[in-house]
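S.K.: First, the structure itself, so that you have it in front of you.
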Amino acid sequence: MSNLSKEQYRYLLCVKKHKRIVRVSRILILLSFLFIWEFTANAGIIDSFIFSSPSKIALCFWGMLLDKSIFLHLGITLYETVISFLLVIITSILAAVALWFSARLSEILDPYLVVLNSLPKSALAPLLIVWLGATRTTIIVAGMSVAIFGSILNLYTSFTTVDPGKIKLVYTLRGTKYQALTKVVLPSSVPAIISNMKVNIGLCLVGVIIGEFLAARNGLGYLIIYSSQVFKMDWLLMSIVLLCIMATMLYSLINLLEKWCMHRF
Amino acid sequence: MEQVLELKNIHYAYHNLEGETPALSDISFALGTGEFVAIVGPSGCGKSTLLSLIAGLLVPEKGLIKINGKYLRESTTNVGYMLQHDELFEWRTVYNNVILGLEIQHMLTARTREKAHELLDFYGLKRFEKARPSELSGGMRQRAALIRTLVLDPDLLLLDEPFSALDYQTRLTVGDDIGQIIRQEKKAALLVTHDLSEAISLADRVIILSGRPATIKQTIPLIFDLDEDTPLARRNSPEFKTYFNLIWKELNTDE
Numbered sequence: 003m004s005n006l007s008k009e010q011y012r013y014l015l016c017v018k019k020h021k022r023i024v025r026v027s028r029i030l031i032l033l034s035f036l037f038i039w040e041f042t043a044n045a046g047i048i049d050s051f052i053f054s055s056p057s058k059i060a061l062c063f064w065g066m067l068l069d070k071s072i073f074l075h076l077g078i079t080l081y082e083t084v085i086s087f088l089l090v091i092i093t094s095i096l097a098a099v100a101l102w103f104s105a106r107l108s109e110i111l112d113p114y115l116v117v118l119n120s121l122p123k124s125a126l127a128p129l130l131i132v133w134l135g136a137t138r139t140t141i142i143v144a145g146m147s148v149a150i151f152g153s154i155l156n157l158y159t160s161f162t163t164v165d166p167g168k169i170k171l172v173y174t175l176r177g178t179k180y181q182a183l184t185k186v187v188l189p190s191s192v193p194a195i196i197s198n199m200k201v202n203i204g205l206c207l208v209g210v211i212i213g214e215f216l217a218a219r220n221g222l223g224y225l226i227i228y229s230s231q232v233f234k235m236d237w238l239l240m241s242i243v244l245l246c247i248m249a250t251m252l253y254s255l256i257n258l259l260e261k262w263c264m265h266r267f
Numbered sequence: 033m034e035q036v037l038e039l040k041n042i043h044y045a046y047h048n049l050e051g052e053t054p055a056l057s058d059i060s061f062a063l064g065t066g067e068f069v070a071i072v073g074p075s076g077c078g079k080s081t082l083l084s085l086i087a088g089l090l091v092p093e094k095g096l097i098k099i100n101g102k103y104l105r106e107s108t109t110n111v112g113y114m115l116q117h118d119e120l121f122e123w124r125t126v127y128n129n130v131i132l133g134l135e136i137q138h139m140l141t142a143r144t145r146e147k148a149h150e151l152l153d154f155y156g157l158k159r160f161e162k163a164r165p166s167e168l169s170g171g172m173r174q175r176a177a178l179i180r181t182l183v184l185d186p187d188l189l190l191l192d193e194p195f196s197a198l199d200y201q202t203r204l205t206v207g208d209d210i211g212q213i214i215r216q217e218k219k220a221a222l223l224v225t226h227d228l229s230e231a232i233s234l235a236d237r238v239i240i241l242s243g244r245p246a247t248i249k250q251t252i253p254l255i256f257d258l259d260e261d262t263p264l265a266r267r268n269s270p271e272f273k274t275y276f277n278l279i280w281k282e283l284n285t286d287e
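Chains as they are written, first to last, in the working numbering: chain W, 3 to 267; chain E, 33 to 287.
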């Protein structure tokens with residue numbers, strides 16, 4: 003540290019200060035929000051029956067933790083989201099590969115993909131219930147339906163924008179189209195596949211919650227819709243908080259995956 | 033002299049909805065073992081098309097191509113192709129880039145791996161075997177790209193302006209460097225370039241193409257009276273300027 007110039011030292015201090023201000027402000031916002039909420043609810047300024055309060059939500063969570071019912075709801079939603087996410091990733095990679103292999107196929111299917119992608123997928127949920135029944139399959143399919151078409155289109159676009167020189171290289175080395183796929187297209191699309199995953203994990207969660215609204219007897223989506231009908235606002239708001247935490251955690255898992263891949267690709 | 037490559041009456045045209053663009057018209061020439069031939073011509077005259085035809089990436093509409101006496105389609109001889117950019121894959125180490133061709137042709141054995149290591153060692157890249165391509169200088173990247181082709185033991189090398197993406201100073205040294213390596217390995221080579229001094233300093237013979245559709249205007253053999261025939265020595269010799277002017281004039285005359 004001794005060989006730092008005065009100016010450099012001052013600069014470093016400045017950076018440190020900036021970071022501290024950001025961190026402290028973030029925590030302050032959360033704490034003051036919770037405090038104002040709690041205080042106004044207790045003082046009767048807002049109706050705690052409708053707005054609940056942080057302490058009530060925490061108590062409610064504690065209660066469900068003790069009777070273990072919360073694990074069922076969390077587990078179910080998590081399970082459905084992860085399964086539909088994995089299915090979306092696998093199917094869309096396979097579909098994008100098929101489209102990449104056959105330019106003709108992709109030209110034929112293009113308008114269908116565009117229509118299906120722009121359709122508001124929540125409109126499909128009631129249809130899925132009629133076709134598949136109010137089962138877990140329906141919810142997983144609903145989760146998939148939100149993400150799959152956009153995912154296929156995104157991946158296909160990133161496959162077709164791979165550097166043509168690199169593909170030519172494989173052919174000059176007497177490679178086949180399959181080898182162009184495995185040696186160039188797939189490895190160079192890894193960053194695109196991961197950023198696609200980041201979008202899809204959120205979309206799958208949206209689809210699963212929509213599915214649970216309509217066709218579930220457990221899960222966070224069910225909890226939200228049920229508690230709103232019986233006016234248990236503690237439950238409702240707790241479910242939303244848990245949903246926030248779950249979404250953030252899933253997203254950071256993919257961030258971790260990305261960091262791990264960055265070393266290799 | 034044994035012929036590595038023989039082209040006879042090659043015709044090729046590009047097609048699109050607006051019509052047909054003839055690229056090559058009645059091209060015939062041959063390359064002997066270890067011979068280094070440069071092809072020069074106005075830009076967009078179809079020089080690269082010619083290399084794609086020889087590499088088998090395109091099929092001529094008329095005419096035939098023979099490699100080592102066999103028709104291109106039946107030939108099993110490896111033709112090495114150096115592209116304008118080195119196209120090294122950033123997600124592979126330098127060594128893994130070098131063995132890409134072996135991997136594709138299912139020729140990865142202890143012996144070929146050993147050869148890849150030897151070539152990397154011999155051409156000064158041993159330290160960088162485990163490095164990523166981005167850690168290499170422009171010149172070293174081209175060397176790695178050349179080793180990737182050489183490790184397949186090709187009898188013929190096609191060079192498609194492989195130095196054009198480099199800055200001028202690097203281009204001179206890398207051009208000389210790669211030229212020497214190809215001579216050392218005794219490979220026949222066909223270099224496509226728009227850089228006349230590059231062609232003259234490297235080749236045994238220069239083929240001059242006309243504008244579209246390309247035909248062979250003239251073939252000029254390059255003979256230098258030098259004790260040590262290196263690209264650098266050539267650049268400093270009196271014949272260099274003569275050849276340069278001769279080819280320059282030939283390129284700029286319209287028949």
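C-beta: ideal position from N, C-alpha, C; glycine also.
Starting from the beta carbon of Phe-154 (chain E), find every residue of chain W whose beta carbon is closer than 7 Å, and list them in chain order.
M.R.: What Phe-154 (chain E) touches in chain W: nothing, since even the nearest Cβ is about 21 Å away.
S.K.: Any idea what DSSP makes of Asp-54 (chain E), helix, strand or coil?
M.R.: Residue identity differs from the one stated: residue 54 (chain E) is Pro in this sequence, not Asp. Note: Pro-54 (chain E) maps to strand in three-state DSSP.
S.K.: Which of the three DSSP states is assigned to Ala-45 (chain W) in this structure?
M.R.: coil
S.K.: Determine the direct distance from the alpha carbon of Ile-210 (chain E) to that of Asp-192 (chain E), and round the result to whole angstroms.
M.R.: 13 Å
S.K.: Out of curiosity, what's the CA-to-CA distance linking Val-17 (chain W) and Lys-8 (chain W)?
M.R.: One C-alpha to the other measures close to 14 Å.
S.K.: Report all residues from its chain with a CB closer than 8 Å to the CB of Pro-263 (chain E); omit the five preceding and five following residues, and keep chain order.
M.R.: Gly-207, Asp-208, Gly-211, Gln-212, Ser-233 and Leu-234
S.K.: Between Ser-84 (chain E) and Val-224 (chain E), which are expected to be in contact by the criterion C-beta below 8 Å, what is the C-beta distance as a whole number of angstroms?
M.R.: Actually they do not touch by this definition, with Cβ atoms about 10 Å apart.
S.K.: Whole alpha helix (DSSP H) runs in the stretch 222-286 of chain E with 4 or more residues, listed along the chain?
M.R.: Segments of the alpha helix (DSSP H) lying fully in the stretch 222-286 of chain E: 228-234, 263-268 and 270-284.
S.K.: Tell me the rounded alpha-carbon separation between Asp-187 (chain E) and Lys-170 (chain W).
M.R.: 20 Å
S.K.: Skipping 5 residues on each side, what residues in its chain have a beta carbon closer than 8 Å to that of Thr-125 (chain E)?
M.R.: Glu-161, Lys-162, Ala-163 and Arg-164
S.K.: Is DSSP giving Gly-73 (chain E) helix, strand or coil here?
M.R.: coil
S.K.: DSSP state of Phe-51 (chain W), grouped into three classes?
M.R.: helix
S.K.: Can you list, in chain order, the stretches of the alpha helix (DSSP H) that have 4 or more residues and sit fully within the stretch 170-208 of chain E?
M.R.: 170-182
S.K.: Closer than 7 Å between beta carbons: that is the criterion. Which residues of the stretch 145-171 of chain W meet it against chain E?
M.R.: Gly-167, Lys-168, Lys-170 and Leu-171: these are the residues of the stretch 145-171 of chain W whose beta carbon lies less than 7 Å from some beta carbon of chain E, given in chain order.
S.K.: Does Trp-280 (chain E) have its Cβ less than 9 Å from a Cβ in chain W?
M.R.: No, because no Cβ of chain W sits closer than 9 Å to the Cβ of Trp-280 (chain E).
S.K.: Exposed or buried, Met-240 (chain W), counting other C-beta atoms within 10 Å across all chains shown (16 or more means buried)?
M.R.: buried
S.K.: Might you give, ordered along the chain, the residues of its own chain that have their beta carbon closer than 8 Å to the beta carbon of Lys-179 (chain W), omitting 5 neighbours on each side?
M.R.: Phe-103
S.K.: Answer with buried or exposed for Cys-246 (chain W), where buried requires no fewer than 16 other C-beta atoms within 10 angstroms of its C-beta.
M.R.: The residue in question, Cys-246 (chain W), is exposed, as its Cβ has fewer than 16 Cβ neighbours within 10 Å.
S.K.: Taking any Cβ of chain E, which residues in the stretch 172-195 of chain W have a Cβ under 9 Å from it, in chain order?
M.R.: The residues in question are Val-172, Tyr-173, Thr-174, Leu-175, Arg-176, Gly-177, Thr-178, Gln-181, Lys-185, Val-186, Pro-189, Ser-190 and Val-192.
S.K.: Return no unless some Cβ of chain W is closer than 9 Å to the Cβ of His-47 (chain E).
M.R.: no
S.K.: DSSP state of Tyr-127 (chain E), grouped into three classes?
M.R.: Residue state for Tyr-127 (chain E) is assigned as helix, using DSSP reduced to three classes.
S.K.: May I ask you to list, following chain order, the residues of the stretch 228-240 of chain E that have a beta carbon less than 7 Å from some beta carbon of chain W?
M.R.: none
S.K.: Using a Cβ-Cβ cutoff of 9 Å, what residues of the stretch 85-106 of chain E are near chain W? List them in chain order.
M.R.: Ala-87, Gly-88 and Leu-89
S.K.: Report the three-state DSSP secondary structure of Lys-8 (chain W) (helix, strand or coil).
M.R.: Lys-8 (chain W) falls in the helix class under three-state DSSP.
S.K.: Less than 6 Å between C-beta atoms, sequence neighbours within five positions excluded: which residues of the same chain meet that for His-75 (chain W)?
M.R.: Answer for His-75 (chain W): Asn-220, Gly-221, Leu-222 and Leu-225, listed in chain order.
S.K.: Could you pull the DSSP bridge partners for Ile-99 (chain E) from this structure?
M.R.: E:Leu-37 and E:Lys-102
S.K.: Just verifying my parser: in three-state terms, what is the DSSP assignment at Ser-218 (chain W)?
M.R.: A quick correction: the sequence has Ala, not Ser, at residue 218 (chain W). Ala-218 (chain W) falls in the coil class under three-state DSSP.
S.K.: In angstroms with no decimal places, state the Cα-to-Cα distance between Lys-35 (chain W) and Phe-51 (chain W).
M.R.: Here residue 35 (chain W) turns out to be Phe, not Lys, going by the sequence shown. Rounded to whole angstroms, Phe-35 (chain W) to Phe-51 (chain W) spans 18 Å at the Cα level.
S.K.: Taking the continuous beta strand (DSSP E) assigned at Met-114 (chain E), which residues delimit it?
M.R.: 111-114
S.K.: Return yes when the Cβ of Leu-252 (chain W) is within less than 9 Å of the Cβ of Leu-207 (chain W), no when it is not.
M.R.: In this structure, Leu-252 (chain W) lies closer than 9 Å to Leu-207 (chain W) by Cβ.
S.K.: Mind reading off the beta-carbon distance from Leu-82 (chain E) to Leu-63 (chain E)? Whole number of angstroms is fine, and I expect it under 8 Å.
M.R.: Contact flag wrong, Cβ pair sits at about 12 Å.
S.K.: Closer than 8 Å, Cβ to Cβ, to anything on chain W: give me those residues from the stretch 131-142 of chain E, in chain order.
M.R.: Of all residues in the stretch 131-142 of chain E, those with a C-beta nearer than 8 Å to a C-beta of chain W are Leu-132, Gly-133, Glu-135, Ile-136 and Gln-137, reading in chain order.
S.K.: So, helix, strand or coil for Ser-153 (chain W), using DSSP?
M.R.: helix
S.K.: With a threshold of 9 Å between beta-carbons, can Glu-161 (chain E) be considered close to chain B, or not?
M.R.: Looking for chain B here will not work: the only protein chains present are W and E.
S.K.: Indicate the three-state DSSP secondary structure (helix, strand or coil) for Leu-115 (chain W) in the structure shown.
M.R.: Look at Leu-115 (chain W) here: in three-state DSSP terms it is helix.
S.K.: Using a C-beta to C-beta distance shorter than 7 Å, which residues of chain W count as neighbours of Phe-272 (chain E)?
M.R.: Those do not exist, as Phe-272 (chain E) stays about 32 Å from chain W at its closest Cβ, beyond 7 Å.
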